[in-house]
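Residue numbers for the sequence shown follow our numbering, beginning at 90 and rising by one.
Cβ coordinates follow ideal geometry from the N, Cα and C atoms, glycine included.
Computed from a prediction, not measured in an experiment: that's the story for all the values here.
The block underneath contains the structure these notes are about, expressed in structure tokens.
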Amino acid sequence: MTDERSPIRIHILHCGSMLVSKAVPYGGGVNLKNARRGVFDKAAERVELPVSAYLIEHPKGKVLIDTGWSREISPDGVYDAAAVKRQLPGYLAAFYHPWVEKGKTVAEQLAQMGIAPEELSAVVLTHLDADHTSGLRSVKNAQRILLPEEEGWWTIRTVYKLRQPESMYSGVPIEHFWFKGTMDGPLWWSYDLFGDDTIKFVCLPGHTDGQIGVKIKNGKKFVILTSDAAFTERSWRERILPGFGFNDKAMLKSFDWIEEQANDPDCIAVIANHDPDVHPQVIEL
90 MTDERSPIRI HILHCGSMLV SKAVPYGGGV NLKNARRGVF DKAAERVELP
140 VSAYLIEHPK GKVLIDTGWS REISPDGVYD AAAVKRQLPG YLAAFYHPWV
190 EKGKTVAEQL AQMGIAPEEL SAVVLTHLDA DHTSGLRSVK NAQRILLPEE
240 EGWWTIRTVY KLRQPESMYS GVPIEHFWFK GTMDGPLWWS YDLFGDDTIK
290 FVCLPGHTDG QIGVKIKNGK KFVILTSDAA FTERSWRERI LPGFGFNDKA
340 MLKSFDWIEE QANDPDCIAV IANHDPDVHP QVIEL
């Protein structure tokens with residue numbers, strides 16, 4: 090266990106935005122109507138959500154969780170339909186309607202902090218959806234790039250691949266890690282990055298089969314990063330399913346685990362990736 094006098098700092102970084110159908114975070118489950126709304130809804134029927142990444146400053150190294158949107162998807166810091174279509178298939182371009190302001194890609198924010206990609210001990214992808222992998226190439230020189238085996242082998246061979254363009258990560262050297270049986274998560278599967286219980290990648294299926302959340306712990310206190318297991322706090326508190334996942338039952342079980350963690354008196358925060366009420370900040374454990 091890390092000595093409590095050695096702090097762990099979690100930087101919440103907003104690395105762009107997306108203007109998605111309201112059915113995406115709050116559609117109430119998977120159906121054809123929600124799938125169509127995700128692509129065809131007009132601007133007035135959409136909601137702006139942040140796209141987050143996280144830098145964990147740990148005594149054993151700097152760890153980046155997810156990568157947000159790349160500069161290529163938004164060359165001038167605003168929505169650029171032509172640029173988006175060069176990066177994403179047409180249906181995903183219409184689905185996400187993404188952009189990232191100048192200075193806000195993950196590489197740009199790291200540079201502002203004086204951190205080069207080579208200084209990152211690990212870049213960890215919670216899953217392979219485009220809003221989590223778009224910025225990957227800008228940090229590809231990190232010491233390690235990690236992905237759950239369940240995501241990297243199985244998910245990309247199933248229906249989830251519709252959301253996971255291979256162009257985002259092809260050719261990047263990615264290590265796969267295997268979950269181990271533990272007491273963490275709805276499946277009791279997790280992976281302990283440093284072997285000291287301070288950063289654990291917990292399998293939270295539903296959004297994809299191999300998706301992970303992150304449990305960061307120092308002493309007894311901990312923080313949960315849900316990734317897309319819950320789009321917002323409202324998702325898991327009110328048990329509102331998104332409108333475009335593929336496994337509602339698994340997502341509800343992930344909601345249960347997230348709520349259980351949130352109710353633990355030692356839980357400092359539960360951070361959902363696309364929650365507009367979560368602002369860039371630093372949390373210290």
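Runs of the alpha helix (DSSP H) spanning 4 or more residues and lying entirely within the region 111-154 occur at 112-115 and 121-129, in chain order. Thr222 has its alpha-carbon roughly 20 Å from the corresponding atom of Ile313.
The region 161-177 makes no contact with the region 131-139, as fewer than three CB pairs between them are under 8 Å.
About 45 Å separates the Cβ atoms of Pro178 and Ser95, ruling out a contact at the 8 Å cut-off.
Annotation for Leu314: the continuous beta strand (DSSP E) segment containing it runs Lys310 to Ser316. The beta carbon of Tyr185 sits closer than 6 Å to the beta carbons of Met107 from its chain, once the five residues preceding and following it are set aside; these are given in chain order.
Counting only runs of at least 4 residues, the region 204-277 fully encloses the following alpha helix (DSSP H) elements, listed from N- to C-terminal order: 219-222. According to the DSSP secondary-structure assignment, Ile372 is paired through a beta bridge with Ile99. Counting along the chain, Val195 sits inside no beta strand (DSSP E); it lies in the alpha helix (DSSP H) bounded by residues Val195 to Gln201.
For Ala358, the enclosing beta strand (DSSP E) has its first and last residue at Cys356 to Ala361.
Assignment of Ile329 by DSSP, reduced to helix, strand and coil, places it in the coil class. Rounded to the nearest angstrom, the gap between the Cα atoms of Pro187 and Ile305 is 29 Å. Sequence-distant Cβ neighbours of Ser227 in its own chain, meaning closer than 8 Å and more than five residues away, are Thr156, Ser159, Arg160, Thr194, Val195, Ala196 and Pro206. Using a 10 angstroms sphere on the CB of Val248, the tally of other CB atoms stays under 16, which defines it as exposed. In the assembly as shown, Lys122 is an exposed residue. Its beta-carbon has fewer than 16 other beta-carbons within 10 Å. Cβ-Cβ separation between Phe320 and Ala361: approximately 6 Å, consistent with a contact (criterion under 8 Å).
Straight-line spacing of the CA atoms in Pro114 and Asp281 works out to 29 Å.
Of the other Cβ atoms in all chains shown, fewer than 16 fall within 10 Å of the Cβ of Ser256; this residue is therefore exposed. For Ile305, the pairing in a beta bridge is given by DSSP as Ile288 and Val312.
Counting along the chain, no alpha helix (DSSP H) covers Glu190, and no H or E run does either.
Within the same chain, Val359 come within 7 Å of Ala351 by CB-CB distance, once the 5 residues on both sides are set aside.
Distance from the Cα of Leu214 is smallest, within the candidate group Ile204, Arg233, Gln198 and Met202, for Arg233. The C-alpha of Val371 lies about 25 Å from the C-alpha of Ser343. Assigned with DSSP and collapsed to three states, Ser324 falls in helix. At the C-beta level, Ile97 and Asn230 stay beyond 8 Å of one another.
Between the region 270-279 and the region 333-347, the count of Cβ pairs shorter than 8 Å is three or higher; the stretches touch. Of the candidates Arg175, Gly118, Trp277 and Asp286, the residue whose Cα lies closest to the Cα of Cys292 is Trp277. Ala182 and Ser110 have their C-alpha atoms spaced approximately 13 Å apart.
Leu236 is the residue among Arg125, Leu236 and Arg126 whose C-alpha sits nearest the C-alpha of Pro262. The alpha carbon of Ala219 has as its nearest neighbour, out of Pro254, Lys289 and Phe268, the alpha carbon of Pro254.
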